[in-house]
Amino acid sequence: MLDNHLLEELATFAQTKTLAETATKLNITQPTVTRGMQKLEEQLGVKLFERHPNRLTLNATGKLAAAEATRLLAAQREAVTRIRSFDSSHQTFPIATTLPGPLLYLQHIQGHLPTTTHLPTTLLAPE
Numbered sequence: 528m529l530d531n532h533l534l535e536e537l538a539t540f541a542q543t544k545t546l547a548e549t550a551t552k553l554n555i556t557q558p559t560v561t562r563g564m565q566k567l568e569e570q571l572g573v574k575l576f577e578r579h580p581n582r583l584t585l586n587a588t589g590k591l592a593a594a595e596a597t598r599l600l601a602a603q604r605e606a607v608t609r610i611r612s613f614d615s616s617h618q619t620f621p622i623a624t625t626l627p628g629p630l631l632y633l634q635h636i637q638g639h640l641p642t643t644t645h646l647p648t649t650l651l652a653p654e
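Letter 44 of the sequence shown, counting from 1, is numbered 571 in our numbering, and no numbers are missing.
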């Protein structure tokens, strides 16, 4: 299984084109990015880069891997958003008050509140 941070490094490298800019954008050191890219190549069992003196570029396989990494990371973010939205839509938000004013106002704006908001029909005891 591929580590998300390695996929993030690869996708960022594809955008920035340099290890230094990748490191800066991800708030990590350049040696960390270098080791991460080497580890990713080991995990995949393929070469992703053309290595030149003082320069690293993606080869064709690396470009495909970067595109797949970008797609996987986006799918993961979308999945997390859907899961959180689903959970949020199944929670109720009870509201209670000891004074009638807030309850009357909430009943007035009930159409603008989330459908999971539960408005009480009675007031709480002052205690």
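Glycine included, C-beta positions come from ideal geometry on N, C-alpha and C.
Residue nearest to Ala538 in terms of C-alpha spacing, selected from Met564, Pro558, Thr556 and Thr559:
By 1-based counting over the sequence shown, the position of residue 538 is 11. Per the Cα distances, Met564.
Pop quiz: Leu533 and Lys566 are said to be a contact at Cβ under 8 angstroms. What is the actual Cβ separation, rounded to whole angstroms?
Here residue 533 corresponds to residue number 6 of the sequence shown, with the count starting at 1. Here residue 566 corresponds to residue number 39 of the sequence shown, with the count starting at 1. So it is a contact: roughly 6 angstroms between Cβ atoms.
In DSSP terms, what Pro621 is bridged to
In the sequence shown, residue 621 corresponds to position 94, counting from 1. Pro621 pairs with His645.
Under 8 angstroms: do the region 612-620 and the region 636-653 share three or more Cβ pairs, one atom per stretch?
yes
Taking Phe540 as the reference, give the member of Met528, Gln557 and Leu529 with the closest Cα.
Start at 1 with the first residue of the sequence shown, and residue 540 comes out as number 13. The shortest C-alpha separation from Phe540 is found at Gln557.
What is the DSSP secondary structure of Glu568, reduced to helix, strand or coil?
Position 41 of the sequence shown, counted from the start, is the residue given in the question as residue 568. Residue state, collapsed to three classes: helix.
By alpha-carbon positions, which one of Pro653, Ala596 and Phe613 ends up nearest to Thr588?
Numbered from its first residue, the sequence shown carries residue 588 at position 61. Closest by alpha carbon: Ala596.
Would you say Thr561 and Leu546 are within 8 angstroms of each other, going by their C-beta atoms?
For this step, residue 561 is matched to residue 34 along the sequence shown. For this step, residue 546 is matched to residue 19 along the sequence shown. Yes, the pair counts as a contact, with Cβ atoms nearer than the cut-off.
Minimum C-alpha distance to Asn581 - residue among Asn554, Ala602 and Lys544:
The count along the sequence shown starts at 1 and reaches residue 581 at position 54. Selected option, being the one with the closest Cα: Lys544.
Measuring alpha carbon to alpha carbon, tell me which of Leu600, Glu536, Pro627 and Arg611 ends up nearest Pro647.
Your numbering for residue 647 matches position 120 in the sequence shown. With distances taken between Cα atoms, Pro647 lies closest to Pro627.
Where the alpha helix (DSSP H) through His635 begins and ends
Counting from one through the sequence shown, the residue named residue 635 turns up at place 108. Taken as a continuous stretch (DSSP letters only), the alpha helix (DSSP H) holding His635 covers Pro627 to His635.
If you follow the alpha helix (DSSP H) that His532 is in, where does it begin and where does it stop?
Locating residue 532 in the sequence shown gives position 5, counting from the first residue. His532 -> alpha helix (DSSP H) spans Asn531 to Thr543.
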